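A short worksheet on the structure shown next.
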Amino acid sequence: MQLKIYQRLNQILLGLIIITLAIIGVIIFNFGKLDGTAKILIVIGFFVFTLVAILGFKTLEYNWDKYLIQKMILRGQVALAEIKSANPLYQIKDSSSKFYRLFQVEVVMKDLELQNVNLTVYEKFNINVRSIPNGNVYITYDAKKPNRLFIIPNGMIARFPSIAPIISFYENAGLKLKYLDVLDDEGLVIRTFKESLKIFDNQKNSEVKPQTEKQ
Numbered sequence: 001m002q003l004k005i006y007q008r009l010n011q012i013l014l015g016l017i018i019i020t021l022a023i024i025g026v027i028i029f030n031f032g033k034l035d036g037t038a039k040i041l042i043v044i045g046f047f048v049f050t051l052v053a054i055l056g057f058k059t060l061e062y063n064w065d066k067y068l069i070q071k072m073i074l075r076g077q078v079a080l081a082e083i084k085s086a087n088p089l090y091q092i093k094d095s096s097s098k099f100y101r102l103f104q105v106e107v108v109m110k111d112l113e114l115q116n117v118n119l120t121v122y123e124k125f126n127i128n129v130r131s132i133p134n135g136n137v138y139i140t141y142d143a144k145k146p147n148r149l150f151i152i153p154n155g156m157i158a159r160f161p162s163i164a165p166i167i168s169f170y171e172n173a174g175l176k177l178k179y180l181d182v183l184d185d186e187g188l189v190i191r192t193f194k195e196s197l198k199i200f201d202n203q204k205n206s207e208v209k210p211q212t213e214k215q
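With this note's numbering as the guide, the letters of the sequence shown map in order to residues 1 to 215.
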């Protein structure tokens with residue numbers, strides 16, 4: 001789904017650029033025919049339109065995937081999945097020229113009848129992510145829209161207690177679970193909890209060391 005969102009955002013951005021250029025052309029063509037007050041109003045109106053368009057696009061770019069994930073969580077459209085493999089495809093960048101790495105992630109989803117469903121998820125990862133471990137995560141899944149797939153960050157799961165019964169169902173189903181640490185940090189970051197603890201300890205030690213040296 002992230003790939004589709006990226007493509008649609010590019011289409012919207014292209015449309016906004018074309019509209020802006022068309023407005024500039026119309027203004028330039030008719031500018032000499034207008035009086036002073038009309039010129040000032042048109043210039044102000046153009047800058048207001050441009051500012052609103054930029055802010056609106058930035059808001060959409062930042063929140064579109066988060067909105068869809070939250071909506072699907074509230075509808076209970078959540079399922080357990082096991083990451084089997086993940087391959088980096090290419091780099092993408094947003095309108096602020098921030099780079100991300102697009103991955104093709106192969107997962108086996110367990111539906112609420114504990115049947116296996118093989119799925120391919122296209123996800124936007126932090127540019128520094130080079131590989132993704134195998135293990136269990138939660139994803140969004142709607143049988144009516146099977147391509148609307150997102151890997152859900154753990155922090156977002158914790159904010160929605162309404163999906164606790166779904167998680168409890170899987171955890172009491174006798175499955176062998178190996179949860180992964182899923183973070184949203186300028187794109188997804190997926191690590192084992194052992195890796196996350198090691199990073200946390202290293203950061204903690206690096207903070208303590210300068211304080212010790214000062215003393």
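We treat Cβ as the ideally placed atom computed from N, Cα and C, and that holds for glycine. Computed from a predicted structure; not experimentally measured.
Quick check on DSSP: helix, strand or coil for residue i?
{"i": "Asp35", "result": "coil"}
{"i": "Ala143", "result": "coil"}
{"i": "Ile127", "result": "coil"}
{"i": "Asn172", "result": "coil"}
{"i": "Leu149", "result": "coil"}
{"i": "Asp185", "result": "coil"}
{"i": "Asn116", "result": "strand"}
{"i": "Asn136", "result": "strand"}
{"i": "Phe177", "result": "The sequence as given places Leu at residue 177; Phe does not occur at that position. Leu177 falls in the coil class under three-state DSSP."}
For residue i, report the span of its alpha helix (DSSP H) as first-last.
{"i": "Met156", "result": "Asn154 to Ala158"}
{"i": "Val7", "result": "Per the sequence presented here, residue 7 reads as Gln, with Val not at that position. Its alpha helix (DSSP H) spans residues Gln2 to Asn30."}
Less than 8 Å between the CB atoms is what I'm expecting for residue i and residue j, so what's the real figure, rounded?
{"i": "Ile163", "j": "Ile69", "result": "Not really, about 12 Å apart at Cβ, beyond 8 Å."}
{"i": "Leu14", "j": "Ala53", "result": "Contact flag wrong, Cβ pair sits at about 13 Å."}
{"i": "Val108", "j": "Lys145", "result": "With 8 Å as the limit, Val108 and Lys145 do not qualify as a contact, their Cβ atoms being about 19 Å apart."}
{"i": "Phe46", "j": "Ile28", "result": "Not really, about 11 Å apart at Cβ, beyond 8 Å."}
{"i": "Arg101", "j": "Met1", "result": "Going by Cβ atoms, the distance from Arg101 to Met1 rounds to 16 Å, so no, they are not a contact pair."}
{"i": "Ala173", "j": "Leu119", "result": "Not a contact, Cβ separation roughly 19 Å."}
{"i": "Ile42", "j": "Leu34", "result": "7 Å"}
Ends of the beta strand (DSSP E) at residue i?
{"i": "Gln216", "result": "The requested residue 216 does not occur in the structure, where the chain is confined to residues 1 to 215."}
{"i": "Arg75", "result": "Neither: Arg75 is in no beta strand (DSSP E) and is coded neither H nor E."}
{"i": "Tyr100", "result": "Phe99 to Lys110"}
For residue i, I'd like the list of residues in its chain whose CB is within less than 8 Å of its CB, leaving aside the five on either flank, ordered along the chain.
{"i": "Leu188", "result": "Glu123, Lys124, Phe125, Asn126, Val129, Ile151, Pro153 and Val182"}
{"i": "Phe99", "result": "Gln91, Ile92, Lys93 and Ile127"}
{"i": "Gly32", "result": "none"}
Going by beta carbon distance, what residues of the same chain come within less than 7 Å of residue i, once the five residues before and after it are set aside?
{"i": "Lys178", "result": "Gly135 and Asn136"}
Quick one: is the Cβ of residue i within less than 8 Å of any heavy atom of the ligand SAH?
{"i": "Leu60", "result": "Of ligands this structure carries none, so the ligand SAH is not represented either."}
Using a Cβ-Cβ cutoff of less than 6 Å, which residues in the same chain neighbour residue i once the five nearest sequence positions on both sides are dropped?
{"i": "Leu9", "result": "Glu61"}
{"i": "Phe226", "result": "Here the chain comprises residues numbered 1 to 215, so residue 226 is not present and cannot be evaluated."}
{"i": "Lys110", "result": "Leu80"}
{"i": "Ile190", "result": "Ile132, Leu180 and Val182"}
{"i": "Tyr6", "result": "Ile92"}
{"i": "Ile166", "result": "Val78"}
{"i": "Tyr170", "result": "Leu80"}
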